[in-house]
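Each remark here refers to the structure printed beneath this line.
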Amino acid sequence: NGMKGRTKDLTAVVTMADDGGSSGKLRRELGIPPPGDLRHCITALADEGSLLKQLFEYRFGGSMGLGGHNFGNLFIVAMSEITGNFERAVAESSKVLAVQGRILPSTLVNVTLSAELAGAAQGAAVVRGESAITDAGGPIERVYLLPESATGYGEAIHALLQAEIIVIGPGSLYTSIMPNLLVREIGEAIRASAALKIYVCNVATQPGETDDYDIGSHIQAIEKHVGAGLVDYVIGNNNLSRPLPATSSSQLVQPTFAAEYADRVILADVVSQENIWRHDPEKLAQIIMTLYEKQAKRA
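What follows is the structure in structure tokens.
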């Protein structure tokens, strides 16, 4: 969100591993790619306060018929039927909401996110499906896509190769960020790109996914899955002055990491005053632009 006012040439590359809620139902019943994460990006890049933006996020109540479905998801599905093309449906839906930028899937292959767990309850060492992973009850050893040979979406690959800045995160480490990086051609495009590459570490841990993780744990998890050296910098929050409520199952991510990462980690107050679980978009965007300007001067 914070980058919207700084450039109109924004591209979001979105995971296609969602299999829960409205997206999961549509995916199973209609055999289409999951629209939910794409819809989230469309509304994030739409004009603030727009009635259409509110409409896109509207969720029908009840448990029958349309119950649980999101209007924006249904809109994208209908647009897909009209245009005959899912990618075009996303592009046309973006136009309807006057989105500043492009939203692209990382792959059009029907992928399933799977996880190997350590100490999983009842010996269930492997969990299949993004929506089941955080509820599985064991620390995540690794995640992977099936099929592992899933090809990257061409426009997304091209966008990464042409980018000046690539920002990875914030978001769910194993169920939102990793599914993109694990599409082999997407990971390769990020490495090959001449862009400034930044990983934004979450402000708070995610229960069932990153319990007790500090900044170093996030870096190590990414390196374990896709190798070292993917990003130039890691931005982490160091404002821990306001603790999370005692009733919260999340914790603030501690600004600790191995000495070997010291030259890449940028610590700053990036937490939102309104929501201490999240980043302040403007603070974050300012740090990103400062790093970009610094790199541009060295070039």
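Numbering of the sequence shown is given in our numbering, commencing with residue 1333 and proceeding in unit increments. Every residue gets a Cβ at the ideal spot worked out from N, C-alpha and C, and that includes glycine.
For Ser1508, the CB contacts under 6 Å within the same chain, skipping 5 residues up- and downstream, are Thr1347 in chain order. For Arg1371, the enclosing alpha helix (DSSP H) has its first and last residue at 1368-1376. In this structure the stretch 1363-1370 touches the stretch 1421-1441; the number of beta carbon pairs closer than 8 Å is three or more. Where Ala1600 is concerned, there is no enclosing alpha helix (DSSP H), although the beta strand (DSSP E) around it starts and stops at 1597-1600. Under DSSP, no beta-bridge partner is assigned to Ile1547. Sixteen is the threshold: since fewer than 16 other Cβ atoms of the shown chains lie within 10 Å of the Cβ of Gly1337, the residue is exposed.
The C-beta of Tyr1390 has fewer than 16 other C-beta atoms within 10 Å across all chains shown, which makes the residue exposed. Exposure of Asp1544 is indicated by the presence of fewer than 16 other C-beta atoms within 10 angstroms of its C-beta.
Between Ile1608 and Leu1576, the C-beta spacing is below 9 Å.
Judged by beta-carbon spacing, Ile1498 lies within the 9 Å limit of Leu1492, meaning their Cβ atoms are closer than that value. For His1490, the three-state secondary structure derived from DSSP is helix. Residue range 1613-1630 is occupied by the alpha helix (DSSP H) that includes Ala1617. As the crow flies, the alpha-carbon of Ala1410 is around 20 Å from that of Gly1352. Note on the stretch 1413-1459: whole beta strand (DSSP E) runs with a minimum of 3 residues are 1434-1437, 1444-1449, in chain order. Val1443 is positioned such that its CB atom lies closer than 9 Å to that of Pro1479. Sequence-distant partners of Thr1542 (beyond 5 residues in either direction) whose C-beta falls short of 6 Å from its own C-beta, in its chain, are Leu1505. In this structure Ile1374 touches Ile1435 by the C-beta definition: roughly 6 Å separates them, less than 8 Å. With fewer than 16 other Cβ atoms inside 10 Å of its own Cβ, Met1396 counts as exposed. The continuous beta strand (DSSP E) containing Arg1474 extends over residues 1472-1478.
Per DSSP, the unbroken alpha helix (DSSP H) holding Lys1357 starts and ends at 1353-1362. Scanning its chain for C-beta atoms nearer than 7 Å, with the 5 sequence neighbours on each side dropped, one finds around Ser1438 the residues Val1345, Val1346, Thr1347, Met1348, Gly1484, Tyr1485, Ala1488, Asn1512, Val1515, Ile1518, in chain order.
Under the 8 Å Cβ criterion, the stretch 1548-1560 does not count as touching the stretch 1610-1627, having fewer than three qualifying pairs. Spatial neighbours of Gln1586 in its own chain (CB-CB distance under 6 Å, excluding positions within 5 residues in sequence) are listed in chain order as Asp1546. Taken atom to atom, the span from the alpha-carbon of Arg1420 to that of Gln1583 is near 40 Å. Within a 10 Å sphere around the beta-carbon of Thr1537 sit 16 or more other beta-carbons, which makes this residue buried.
Annotated as distal: Gly1416 and Leu1342, with beta-carbon spacing of 9 Å or more.
By the C-beta density criterion, Asp1467 is exposed, having fewer than 16 other C-beta atoms within 10 angstroms.
Only residues of its own chain outside the window of five on either side were considered, and among them Val1431, Gln1432, Gly1433 have a CB closer than 6 Å to the CB of Leu1377, listed in chain order. Residue ranges of uninterrupted alpha helix (DSSP H) with 4 or more members are absent from the stretch 1554-1606; none lies entirely inside it.
Taking 9 Å as the cut-off, the Cβ atoms of Pro1471 and Leu1445 do not count as close.
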